[in-house]
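Heads up, the thing below is written out as C-alpha cells.
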Amino acid sequence: MICGSTAAGATDGVRREAKAAAASYARTARPAAATDTASVLGIPEAELTPKVKAAIATLMREVDQLRRELTAAQQRLVDLERLADQDALAPIPNRRAFVRELSRLISFSQRYGTPGSLIYFDINGFKAINDAYGHAAGDRALLHVANTLIDNVRESDVVGRLGGDEFGVILANADEAATQEKARGLAEAIRATPVIYEGQRIVVVVAYGTSTFRSGNNATEAMAAADRAMYEHKASLKGSAAGKPGA
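Residue 31 in this note's numbering sits at position 30 of the sequence shown, with consecutive numbering throughout.
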C-alpha cells in the first residue's frame with residue numbers, strides 16, 4: 002500500500018514529466034495528432050504509463066487551446082495597430098501614421114538623393130458647410146476630398162488626414178514643379194465634382210501649400226513649410242469658400 006506522501010510525490014513526478022512534454026510540443030511544430038505521445042517525447046509509446054499518456058493528452062489539449070487564444074490575441078493586436086493608424090472617418094492614415102511615413106520618405110530621399118515633396122490641403126470654408134447643412138454634410142465633404150485624393154495619386158504616394166479639414170499627400174520622386182502641378186490638378190478635381198447632400202450641390206474648394214524635401218530638414222519642418230504656403234494660398238481664395246451651392 003502506498004502512503005499519501007509517496008502517492009503525491011509520484012503524481013507530481015507524472016505531472017512534471019507531462020509538463021516537460023507539453024513544453025517540448027509547444028516549442029516545435031504541431032504534430033499530426035496531439036495524442037501521439039511517442040512523437041512528443043521521442044520514445045516508444047509502450048514505455049509510457051497510462052497516467053503519463055493521459056496527462057500528456059490533457060496538456061496537449063490545453064496547449065492547443067492556448068495556441069488558438071494566442072492566434073486570436075495576435076490578430077486583435079494587428080487590428081488595433083491598424084485602427085491606431087487609420088483615420089476615424091476616411092479610409093486613409095491618420096496624422097500619426099502620416100507623419101511616420103513622411104519621416105521615412107524624407108530619410109530615404111536624403112539617403113539616396115531622390116526628390117520628394119509634400120502637399121498640405123485645407124478645405125476652404127469648411128465651417129460654412131457644417132453651419133449650413135449640418136455635420137453629416139461636413140463628413141460627406143471630408144470623404145469627398147479623401148476619395149478624390151486617393152483616386153488621383155500613385156500607389157507609391159501617401160494620402161493622410163492631418164486633423165479636422167486638413168489633408169496631406171506625400172509624393173515620392175516629385176520635384177517642386179511637378180508637385181505644384183499635381184497640387185493644382187488635385188484641387189481642381191476636388192472642386193470639379195460637387196458633393197450632393199439632400200438634393201443640394203455643395204462645391205468643395207481647397208487651399209493648398211507644398212514643400213520639397215531639402216537636405217537636413219525633417220517631417221516637422223516639411224509640414225510647417227507646406228502649412229505656411231497653404232495659408233498664403235488660402236488668403237488668396239477669399240470669396241471662393243466652400244459650401245456654396247453648385248450651379
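Ideal placement from N, C-alpha and C gives every residue a C-beta, glycine not left out.
Please read all numbers here as calculations on a predicted model, not as lab measurements.
- Query: Between which two residues does the beta strand (DSSP E) containing Leu-106 stretch?
  - Reply: Here Leu-106 belongs to no beta strand (DSSP E); instead the alpha helix (DSSP H) covers 96-113.
Fill in: Residue burial classification, Ile-203 (beta-carbon count within 10 angstroms, cutoff 16)
buried
Point to revise | Through-space distance from Phe-168 to Ser-118, alpha-carbon basis | key: 14 Å
From Ile-107, Phe-127, Thr-115, Asp-86, residue whose alpha carbon lies closest to that of Val-255: Since the first residue shown for the chain is 2 and the last is 248, residue 255 is missing from the structure and cannot be characterised.
* Do Ile-120 and Val-79 have their CB atoms nearer than 8 Å? -> no
Item to check | Cα-Cα separation between Tyr-198 and Arg-141, rounded to whole angstroms | outcome: 8 Å
message: Using 8 Å for Cβ pairs, my map puts Phe-99 next to Tyr-209. What's the rounded Cβ distance?
response: Between Tyr-209 and Phe-99 the Cβ distance is about 16 Å, and since that is not below 8 Å, they are no contact.
message = On the CB-based measure, 16 or more other CB atoms within 10 Å of its CB, does Ala-236 come out buried or exposed?
response = exposed
Next on the checklist: Pop quiz: Thr-211 and Ala-225 are said to be a contact at Cβ under 8 Å. What is the actual Cβ separation, rounded to whole angstroms?
Outcome noted: Actually they do not touch by this definition, with Cβ atoms about 13 Å apart.
Cβ-Cβ separation, Ile-107 to Ala-179 (assumed contact under 8 Å), whole Å: Incorrect: roughly 17 Å between the Cβ atoms, too far for contact.
Legend entry - Three-way DSSP call (helix, strand, coil) for Ala-208 in this model: strand
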